[in-house]
Amino acid sequence: MNGREKILELTSVRASNRAGITVFRDLDFGLYAGDTAIIIGQTATGKTTLAELIVGTMKPERGSVKVFGKEIGMGNERQAIEIRRRIGGVGGIFDLIPNLTVSENILYPLILHGESKKERKIKLDQLLGQYNLTGRKKDKAFKLTRGEKVMALLARAVIADQPLLIIDEPLDRLDIATSENIIGLLKRLWAAGHALLILTNGRVGFEIPGSKEYQIKDGRLQ
Amino acid sequence: MNRLVFLLWRTFRNIIHRPLAAAGSFLSLLLLLMLFDIVWVSSLSSKEYYSRLLSEIDIEVFIKDSLPDTTLVSMRDAIGRFEGVDKVQLISKEDAHFMLNDLMGSDLLTGLDNNPLPRSLIITFKPDFLNAATLENYRRRLLEYDGVSDIFYAKDWLERAEYARVRISRFMLFLGIVISLAVLLNSVRASRISAGRYQYEISQLRLMGAGRGFISFPFIFEGALYSLLAAIAGWALLTYGAGYFAFKNIAIIFPTSAEIFYFCLLSTLIGLFGGYIGSRQSFQ
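Have a look at this one:
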């Protein structure tokens, strides 16, 4: 259509959340590489379910979920693993591992990709600087402030150059200065070619050029 | 290689972060495996003792006085050719008299005109033929000879000893199964507890694209490591402890180095399997 890869394609999806409540009845949604979509929905309208469908930890009751052109679901674990390695996540289901240090948390995707220690160190030092985490690199994740946690998650989400980032409530409970800092980082990530899927329960409060906003209503995106 | 080093680091981190749980798992496995070691050593030692006693068993065939000596010599030679017979010794009436004197310390036949003691053949057997069924078979064959008045061997003792040996073997097998199962369940439980503690980390690893192997490795390795260390420590303690014990008639017999090696290997495999089963729960 526009020459770019369609990295996300949900077709006629019917799905329930973990509580068994049907949140999507006939969901159609697509996202191209480098695009930004903002999904707005109240609590329990299916934002987390949408993230889980995309990473394949939940299976749709009907319809198909294609990520990077491949069907993801509980059936093909190998394919799901490959897809998940190309997705970075911040907030919601994506969290830091509390008892690991900031560095260890950020490095995990590179270890899974099998990158060398030297390569890991170069990328880590670079990202710690960019995300103002250099002084916190040896601290355990549970000691971080909310803002630092989002920064560390963003660093982890992009360290392996993941093309798709799922960002759940990025500015929730953050002060203005930290929010602006994170908005700046998100814009830079968009500019660097990452596709952003932002999930929020209200307006995000910032704009990313070319982004599309969707409302979850009656089990559909409008 | 990098991933392997990282996974090993994760395993040791899991162990170090839960020292009490790790020590509990290790010690319970040590006790279980040591119990098996002790029963194994006891079984080997009693088997050796039994074999020694068995080697002293022979059949004594008493001969009628009416049988001519020449026929007795032919009979001795014929019996010597039986399969499994090691040696046939002819005991003359004079030899029997001498042996009785030696046994009793005085001549009980003084005053008698004739030596009433019968001639006999003492038959000893090769070790593989020393069992109740085979000796009974020999007894029947020997009874077919003319001139045989009676046959004696420690039949009751042999049957009781064999019965005890079968019981010990069955007990060993039963204990082996129970202990293997206990080791397996112990590893499963330890692995489940460990995986349960790291459930949050596991869920995040899955979201980042970690495979089952990557996630399970530390738990599987942990299970195998505990079992291996417990098996080695068990034999080391038992070897050390055996130096402080000595029995009058029973020698303490240990399995061969190869058998101990395979035992440790099998324990490790059981631990590994237990770790695998235990960590599977983390994927539910």
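If you read the sequences in order, they're chains G and L.
Heads up: take any position in the first sequence, counting from 1, add 32, and you land on my numbering.
Heads up: take any position in the second sequence, counting from 1, add 281, and you land on my numbering.
Quick reminder that beta carbons are idealized off the backbone N, C-alpha and C, glycines included.
When you compare the CB of residue i with every CB in chain L, is at least one pair closer than 8 Å?
| i | result |
| --- | --- |
| G:T89 | yes |
| G:I154 | no |
| G:Y64 | no |
| G:M33 | Unreliable positioning characterises G:M33 in this predicted model, as indicated by a pLDDT of 47, which lies under 50. A coordinate reading is not provided. |
| G:D200 | no |
| G:D127 | yes |
| G:K149 | yes |
| G:R116 | yes |
| G:G121 | yes |
| G:P92 | no |
| G:G179 | no |
| G:P141 | yes |
Please tell me whether residue i and residue j are closer than 8 Å, where the distance is taken between their beta carbons.
| i | j | result |
| --- | --- | --- |
| G:V190 | G:L142 | no |
| G:G121 | L:L488 | yes |
| L:A505 | L:G556 | yes |
| G:V99 | G:I86 | yes |
| L:L381 | L:L398 | yes |
| G:D200 | G:K91 | no |
Quick check: what's the CA-CA separation for residue i versus residue j?
| i | j | result |
| --- | --- | --- |
| G:L176 | G:I208 | 18 Å |
| G:I104 | G:R116 | 9 Å |
| L:I460 | L:L312 | 10 Å |
| L:I344 | L:T520 | 52 Å |
| L:L371 | L:V429 | 13 Å |
| G:A76 | G:V55 | 8 Å |
| L:C545 | L:S538 | 11 Å |
| L:S475 | L:L547 | 22 Å |
| G:M33 | G:F238 | Its pLDDT being 47, under 50, G:M33 is placed unreliably in this model, and the value from its coordinates should be taken loosely. Those two C-alpha atoms are separated by around 28 Å. |
| G:I198 | L:R299 | 34 Å |
| G:Q111 | L:V447 | 56 Å |
| L:L424 | L:S327 | 33 Å |
| L:R561 | L:G365 | 56 Å |
Are any of the Cβ atoms in chain G nearer than 8 Å to that of residue i?
| i | result |
| --- | --- |
| L:F293 | no |
Apart from the five residues just before and just after residue i, which ones in its own chain have a Cβ nearer than 6 Å to its Cβ?
| i | result |
| --- | --- |
| L:R420 | I432 |
| L:D383 | none |
| G:G225 | G66 |
Grab me the residues of residue i's own chain with a C-beta within less than 7 Å of its C-beta, minus the 5 sequence neighbours each way, in chain order.
| i | result |
| --- | --- |
| G:I138 | L156, L159, A184, A187, R188, I191 |
| L:Y426 | M356 |
| G:A65 | R36, E37, I39, P195, A227 |
Could you tell me which of the options sits nearest to residue i, measuring between CA atoms?
| i | options | result |
| --- | --- | --- |
| G:D250 | G:L40, G:A51, G:D58, G:Q194 | G:D58 |
| L:L334 | L:T520, L:L398, L:I541, L:A435 | L:A435 |
| L:I531 | L:S323, L:T292, L:F317, L:A303 | L:S323 |
| L:P536 | L:N467, L:Y525, L:A517 | L:A517 |
| G:T210 | G:I119, G:G179, G:G161 | G:G179 |
| L:A512 | L:P349, L:V464, L:E329 | L:V464 |
| L:I501 | L:I558, L:V342, L:G490 | L:I558 |
| L:R422 | L:V342, L:G392, L:V286, L:D376 | L:V342 |
Closer than 7 Å: is that where the CB of residue i sits relative to any heavy atom of the ligand NAD?
| i | result |
| --- | --- |
| L:Y521 | What this structure holds is no ligand at all, so the ligand NAD is not there to describe. |
Spatial neighbours of residue i within its chain, please: C-beta separation below 8 Å, excluding the five flanking residues on both sides.
| i | result |
| --- | --- |
| L:L486 | F495, I496 |
| L:A442 | Y331, L334, L335 |
| L:Y507 | A303, S306, F307, L310, S468, A471, G552 |
| L:N396 | K374, E375, A377, H378, L390 |
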